[in-house]
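Engineer: After the structure tokens below, expect a handful of questions from me.
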Amino acid sequence: MRQRQADGFDWQLPSEAQAYERLPWTRSRWFNISVSSAIFLNTIWLGVETDWYQPADYEGQTDPWKIVNYCFVGFFCIELLIRIYSRTWWPFIVDNWNKFDTVLVLLSVFDTFILDQIGGSTGSFSSLRVLRVLRVARVLRLLRFFKPLWLLVIGAFDAMRALLWAWVLISILIYIFAILLTRTVGFAHKETPEIEQYFGNLLLSSFTLFQVMTLEGWGSVARLAMSVEPWVWIIFVSFLLITTFSIMNMIVSVIVDSTLEAALDQKLQAMRDKEYQTTMAAVKVDEVFRRADGNGDGHITKEELMEALLKPDVRLYLREVGIDITNAEFIFDAPRPDSADSRSVAD
């Protein structure tokens, strides 16, 4: 299965098995739900702010709209710092999703704290107001937390090459049919204002055919042309059959196929991650066993294990594989046929 990449961006969803987490709860379901809820609320807030916020109403007094924005951006900054601390800087930054999040958070900081302070709404800084449109980029962070939405996006992007050639073909067809209609309808009936409006030249005919392809008011356009050239219904019907009912359906099928393939890739990635986690857990447990086996006889006793748990590096290994060190000695409580007091690494 091929790996999806575009401009160096890894199309895989965030992996759970790529680095040790100082704060394992940053990968928990409730943490991701909290962050995604904040992003969703911020998305709604941006829409409300766009329609209702009037800066002139708060000149010289506390602006509650800005305070809410400060709270959202502050929350996202804290969340980013928590993730950086949890994974440490280098493992964090090599993840392309984290790079994406970092850029969006920095854009939010620039928009909220810097543009406001330098007077982005004043005449002398009117050119900077265009940059404030960048705040809508925060909405893109939702892609990280909603897997079905992300699968649709990567399916569409992965299908871009095939879609590009499909649109080239559609453009050629529009060009051919536009020449035909311009010569047979537009030039032959220039005295009719409506005909001149829709078919007066090649550009107008091309735009008219694009409108027809979308099925928006195509019947009235076709009847207008048929009022002067009754036979042109053949042109319109042929054009619709080739473009709208054939090529456009092919485009939809390409996107669906790419989305299904992306979903399969994600399942394979999840299987690889689980296999990686299992392998790493086995390596860590084996290392703990060897460190605890003080006499090197291939078995450890409960006393040897408890002594090993006092070592910081052993405790770190166990935490990395998700073993509760306070209950590690319970492996000696499991019954064995030989009633031995020691355990091997296989146990």
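Take 1 as the starting number for the sequence shown in UniProt numbering and just add one per residue.
Glycine included, every Cβ here is placed at the ideal spot set by N, Cα and C.
Owing to the predicted nature of the structure, the values given are computational and were not obtained by experimental measurement.
1. Secondary structure at T43, three-state DSSP: helix, strand or coil?
2. Give every residue of the same chain whose Cβ lies closer than 6 angstroms to the Cβ of G217, excluding the five residues on either side of it in the sequence, and list them in chain order.
3. Report the partner residues of T278 according to the DSSP bridge assignment.
4. With a cut-off of 8 angstroms on the beta carbons, I'd call L151 and I235 a contact; round off their distance for me.
5. Measuring CB atoms only, is the stretch 143-163 touching the stretch 35-46, in the sense that at least three cross pairs come out at less than 8 angstroms?
6. Suppose only complete runs of 4+ residues qualify. What are the alpha helix (DSSP H) ranges in the stretch 154-214, listed by chain order?
7. Can you give me the Cβ contacts of I84 inside the same chain, cut-off strictly under 7 angstroms, excluding the 5 residues immediately before and after it?
8. By the DSSP assignment, the alpha helix (DSSP H) with F245 in it spans what residues?
9. With a threshold of 16 other CB atoms inside 10 Å of the CB of T88, please say whether the residue is buried or exposed.
10. Using the C-alpha atoms, what's the distance from D57 back to Q80?
11. For T278, is the classification buried or exposed, using 16 other Cβ atoms within 10 angstroms of its Cβ as the cut-off for buried?
12. Leaving aside the five residues before and after I114 along the sequence, list all residues of the same chain whose C-beta is less than 6 angstroms from its C-beta, in chain order.
13. To the nearest angstrom, how far is the alpha carbon of S28 from that of Y175?
Structural biologist: Looking at the atomic coordinates:
1. As a position in the sequence shown, residue 43 is number 43, starting the count at 1. Helix at T43.
2. Reading the sequence shown from its first residue, position 217 is the one you call residue 217. Counting only residues of its own chain and dropping the five nearest sequence neighbours on each side, G217 has no CB closer than 6 angstroms to any other CB.
3. For the purposes of this step, residue 278 is taken as residue 278 along the sequence shown, with counting starting at 1. Per DSSP, none; premise fails for T278.
4. For the purposes of this step, residue 151 is taken as the residue at position 151 of the sequence shown. For the purposes of this step, residue 235 is taken as the residue at position 235 of the sequence shown. In fact, because the Cβ distance is near 40 angstroms, the residues do not count as touching under 8 angstroms.
5. In short, these stretches touch, since the Cβ pair count reaches three.
6. Within the stretch 154-214, the runs of alpha helix (DSSP H) that reach at least 4 residues and sit entirely inside it are, in chain order, 160-181, 193-199 and 202-213.
7. In the sequence shown, the residue the question calls residue 84 occupies position 84. Result list for I84: F92, in chain order.
8. Counting from one through the sequence shown, the residue named residue 245 turns up at place 245. No alpha helix (DSSP H) holds F245; DSSP gives it neither H nor E.
9. Reading the sequence shown from its first residue, position 88 is the one you call residue 88. Its Cβ having fewer than 16 others within 10 Å, T88 is exposed.
10. Along the sequence shown, read from residue 1 onward, the residue named residue 80 stands at position 80. Along the sequence shown, read from residue 1 onward, the residue named residue 57 stands at position 57. Looking at the sequence itself, residue 80 is Leu, so the reference to Gln does not match. Whole-angstrom Cα-Cα distance: 33 angstroms.
11. By one-based count along the sequence shown, residue 278 stands at place 278. Around the beta-carbon of T278, fewer than 16 other beta-carbon atoms lie within 10 Å, marking it exposed.
12. To locate residue 114, count along the sequence shown from 1; it is residue 114. Apart from the 5 residues on each side of it in sequence, I114 has no Cβ closer than 6 angstroms to any other Cβ in its chain.
13. By one-based count along the sequence shown, residue 28 stands at place 28. By one-based count along the sequence shown, residue 175 stands at place 175. So the two alpha carbons sit approximately 55 angstroms from each other.
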